[in-house]
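Heads up: the sequence shown begins at 171 in the numbering used here, then just goes up one per residue. Glycine included, every Cβ here is placed at the ideal spot set by N, Cα and C.
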Amino acid sequence: MSKNITTTRSRAAKAAAKQEDNLFEHFCELMVRVLLALEEEELAADVGWHMICHHPYCAEVDAAWKLVKIQTDKVAELKPRSANEKLLHRMASLMSCAVSADCMKVLEASRAHAVRYMQKADKDLSAAVRDLADEGRLGIEQMLEHASARSCENKSTRHLPLAA
Numbered sequence: 171m172s173k174n175i176t177t178t179r180s181r182a183a184k185a186a187a188k189q190e191d192n193l194f195e196h197f198c199e200l201m202v203r204v205l206l207a208l209e210e211e212e213l214a215a216d217v218g219w220h221m222i223c224h225h226p227y228c229a230e231v232d233a234a235w236k237l238v239k240i241q242t243d244k245v246a247e248l249k250p251r252s253a254n255e256k257l258l259h260r261m262a263s264l265m266s267c268a269v270s271a272d273c274m275k276v277l278e279a280s281r282a283h284a285v286r287y288m289q290k291a292d293k294d295l296s297a298a299v300r301d302l303a304d305e306g307r308l309g310i311e312q313m314l315e316h317a318s319a320r321s322c323e324n325k326s327t328r329h330l331p332l333a334a
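Spelled out as C-alpha cells, the structure:
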C-alpha cells in the first residue's frame, strides 16, 4: 500500500509569495532606474548640457528622475508582508521623499533615516535584501551629493525636486 501525499499551496500563500517576489523585483527595478538617472545626470554635467539648456536639467535627466519617481510610487503601493519586505518598503518610501524633495534638508533627513533603518535592521533578514536596501541608502546619498554639487554651482536649489 503506497502513501501518496500531495501538497498544494493555497491561493493566499501563492499570492503572498508572489507579492514578496514582486516587491523585491520592483525594488531591483527601482535601483536600476536610480543608477541610470545618476548616470544621465553625470553625463549631462560632463557634456555641459546644463549650460545649453534653459533650465538646470536636460530632458533626458528629467525623464530619468520621473521614471524613478514612478517606480518608487509603485513599490510604496505594495504592502509589506514580512520583515524583508518592510525594510525594502521603507527604503522605497525614503527614496520617494528624496526624489520629491524641494529642499536639501529633506534630502538630508531621508539619508539620516536610511542610515538608521539599516542600523536597526534585523540581523536575520535575507542577505540579498540587506544588500539591496543598502544600495537604496547609497542611492539616496548619491542623490544628496549630486544635489549639493548642483546647488553649489547654481547658488540655489532650483534643481529640486529631482523628479519635477
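- Spatial neighbours of residue 199 in its own chain (CB-CB distance under 8 angstroms, excluding positions within 5 residues in sequence) are listed in chain order as 241.
- For residue 281, the enclosing alpha helix (DSSP H) covers residues 274-290.
- Residue ranges of uninterrupted alpha helix (DSSP H) with 4 or more members, entirely inside the region 243-271 and ordered along the chain, are 253-270.
- Assignment of residue 332 by DSSP, reduced to helix, strand and coil, places it in the coil class.
- Here residue 318 carries a helix assignment [DSSP, helix/strand/coil].
- Distance from the Cα of residue 315 is smallest, within the candidate group 286, 255, 281, for 281.
- Closest option to residue 286, judged by alpha-carbon separation, among 307, 296, 332, 274: 307.
- Cβ atoms of residue 261 and residue 284 come within 8 angstroms of each other, at about 6 angstroms.
- Residue environment for residue 258: buried (at least 16 other C-beta atoms within 10 angstroms of its C-beta).
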